[in-house]
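Peer 1:
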Amino acid sequence: MSAKRRRKRSAGVMLDPYYAYLIFVGVGVGTLGIRGPARLVMLWLTLLLLALPYLEERSVQVRYSLGNVGRGAGLGVLLAVFVLLFAFDALRVTSERLFPLGSGTALFQSLFFVAAPMEELFFRGILQRKRGIVVASGLYGLAGVIMFLPIGGQFLLVLLAVGVGMSLLGLVYGYVYERYGLAGGIACHAVVNVVLFFMPRVVQQWWVG
87 MSAKRRRKRS AGVMLDPYYA YLIFVGVGVG TLGIRGPARL VMLWLTLLLL ALPYLEERSV
147 QVRYSLGNVG RGAGLGVLLA VFVLLFAFDA LRVTSERLFP LGSGTALFQS LFFVAAPMEE
207 LFFRGILQRK RGIVVASGLY GLAGVIMFLP IGGQFLLVLL AVGVGMSLLG LVYGYVYERY
267 GLAGGIACHA VVNVVLFFMP RVVQQWWVG
């Protein structure tokens, strides 16, 4: 076997999204002893690093346009506001447990500028494109359990709700991704994050203050 063929074969194994996902799971399990937001940042950074080979081979299609971003954000607003109206208190408590960040600014930046782009890039731009929406959504829900296990491990119902909820949200993000591309999926995800996990805490602080 020539050196060129060996490189192609090894690259193909390295780029398989299931192998990449297993690396993410390994990092998640290996960092269970780390408390606080540092672990979440490490896991989001891992998703970015795992996505770099796909970006290099230009296999990720963003389909950026203001129209796609606007449609994705609009669907995110409709979904998030509907859920927020029926589960405000539950979302506030869940947010405090899952994202114990010190300031509202840090929480907003993490949810909007880090979590949404990194998660969509890997789970929709790579995993869904190569393995389908159902697989990507299911693995996204499992990733939520892994990400928040140190925080939600003492509250099994919360952890179960996170897994199921993220799987369902993954289906929504996957639909938006298929209709409006990765840019639309990121916009939808970012808006949902802010409305469901940032706004309840801001409103609570404003009301109490």
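Residue numbers for the sequence shown follow our numbering, so the first one is 87 and each next one is one higher.
Glycine residues also receive a C-beta, built at the ideal position from the N, C-alpha and C atoms.
(1) Ignore the nearest five residues each way along the sequence and tell me which others in F283's own chain have a CB closer than 8 Å to its CB.
(2) Return the CA-CA distance between L134 and L161, expressed in angstroms with no decimal places.
(3) Using 8 Å as the Cβ pair cut-off and three pairs as the minimum, do the region 206-215 and the region 121-138 touch?
(4) By the three-class DSSP mapping on this structure, what secondary structure does M285 have?
(5) Consult DSSP for A102 and reduce its assignment to one of helix, strand or coil.
(6) Please state the DSSP three-state secondary structure of I120.
(7) Return the Cβ separation of G256 and A202 in integer angstroms, given the expectation that the two are a contact with Cβ distance under 8 Å.
(8) Grab me the residues of R149's own chain with a C-beta within less than 8 Å of its C-beta, minus the 5 sequence neighbours each way, in chain order.
(9) Expressed to the nearest angstrom, what Euclidean distance is found between the alpha-carbon atoms of V289 and F168?
(10) Is the distance from the Cβ of I212 to the Cβ of Y140 below 8 Å?
(11) Please state whether DSSP places W293 in a helix, a strand or coil.
(12) Which one of L228, V163, F234, R215 has the shortest CA to CA distance from M285?
(13) Roughly how far, in whole angstroms, is the beta-carbon of V113 from the beta-carbon of L129, given that I think they are within contact range, below 8 Å?
(14) Thinking just about the alpha-carbon of each residue, which of F241, P236, V248 is nearest to the one in Y226?
(15) Just to confirm, is the Cβ distance from Q195 to Y263 under 8 Å?
(16) Report back the beta-carbon spacing between M233 and L126 to the nearest angstrom; my notes put them in contact at under 8 Å.
(17) Have a look at P103, Y104, A159, G122 and flag the residue whose alpha-carbon is nearest the alpha-carbon of I272.
(18) For Q195, report the span of its alpha helix (DSSP H) as first-last.
(19) Ends of the alpha helix (DSSP H) at V179?
Peer 2: In short:
(1) The residue you call residue 283 lines up with position 197 of the sequence shown. Once the five neighbours on either side are set aside, the close Cβ partners of F283 are L177, T180, S181, L184, F185, L193, L197.
(2) Working through the sequence shown from its first residue, we reach residue 134 at position 48. Working through the sequence shown from its first residue, we reach residue 161 at position 75. The alpha-carbon of L134 is positioned some 25 Å away from that of L161.
(3) Yes: at least three Cβ pairs fall under 8 Å.
(4) To locate residue 285, count along the sequence shown from 1; it is residue 199. Reduced to three states, the DSSP call for M285 is helix.
(5) Here residue 102 is taken as the residue at index 16 of the sequence shown, counted from 1. A small fix is needed here, since residue 102 is Asp in this sequence, not Ala. Looking at D102 - three-state DSSP - the assignment turns out to be coil, as it is neither helix nor strand.
(6) Taking the first residue of the sequence shown as position 1, residue 120 is located at position 34. Correct three-state label for I120: coil.
(7) Along the sequence shown, one-based indexing puts residue 256 at 170. Along the sequence shown, one-based indexing puts residue 202 at 116. About 13 Å separates the Cβ atoms of G256 and A202, ruling out a contact at the 8 Å cut-off.
(8) Sequence index remark: in the sequence shown, residue 149 carries index 63 (1-based). Cβ neighbours of R149 beyond the five flanking positions: Y266, G267, L268, A269, G270.
(9) Within the sequence shown, the letter at position 203 stands for residue 289. Within the sequence shown, the letter at position 82 stands for residue 168. Approximately 16 Å between the Cα atoms of the pair.
(10) Locating residue 212 in the sequence shown gives position 126, where the first residue counts as 1. Locating residue 140 in the sequence shown gives position 54, where the first residue counts as 1. The answer is yes: Cβ separation under 8 Å.
(11) Residue numbering aside, residue 293 sits at position 207 when the sequence shown is read from its first letter. Annotated three-state conformation of W293 is helix, per DSSP.
(12) Start at 1 with the first residue of the sequence shown, and residue 285 comes out as number 199. Out of L228, V163, F234, R215, V163 has the C-alpha closest to the C-alpha of M285.
(13) Here residue 113 corresponds to residue number 27 of the sequence shown, with the count starting at 1. Here residue 129 corresponds to residue number 43 of the sequence shown, with the count starting at 1. The distance from the Cβ of V113 to that of L129 is about 6 Å, consistent with a contact at the 8 Å cut-off.
(14) Residue 226 sits at position 140 when you count from the first residue of the sequence shown. Nearest C-alpha to Y226: V248.
(15) Here residue 195 corresponds to residue number 109 of the sequence shown, with the count starting at 1. Here residue 263 corresponds to residue number 177 of the sequence shown, with the count starting at 1. No, these two residues do not count as a Cβ contact at 8 Å.
(16) Residue mapping note: residue 233 aligns to position 147 of the sequence shown, counting from 1. Residue mapping note: residue 126 aligns to position 40 of the sequence shown, counting from 1. A Cβ-Cβ separation of about 6 Å places M233 in contact with L126 under the 8 Å criterion.
(17) Along the sequence shown, read from residue 1 onward, the residue named residue 272 stands at position 186. For I272, the closest C-alpha among the options P103, Y104, A159, G122 is that of A159.
(18) Here residue 195 refers to the residue found at position 109 when the sequence shown is read from its first residue. First-last of the alpha helix (DSSP H) with Q195: 190-195.
(19) Taking the sequence shown and counting its residues from 1, the one referred to as residue 179 is at position 93. That run of the alpha helix (DSSP H) goes 174-184.
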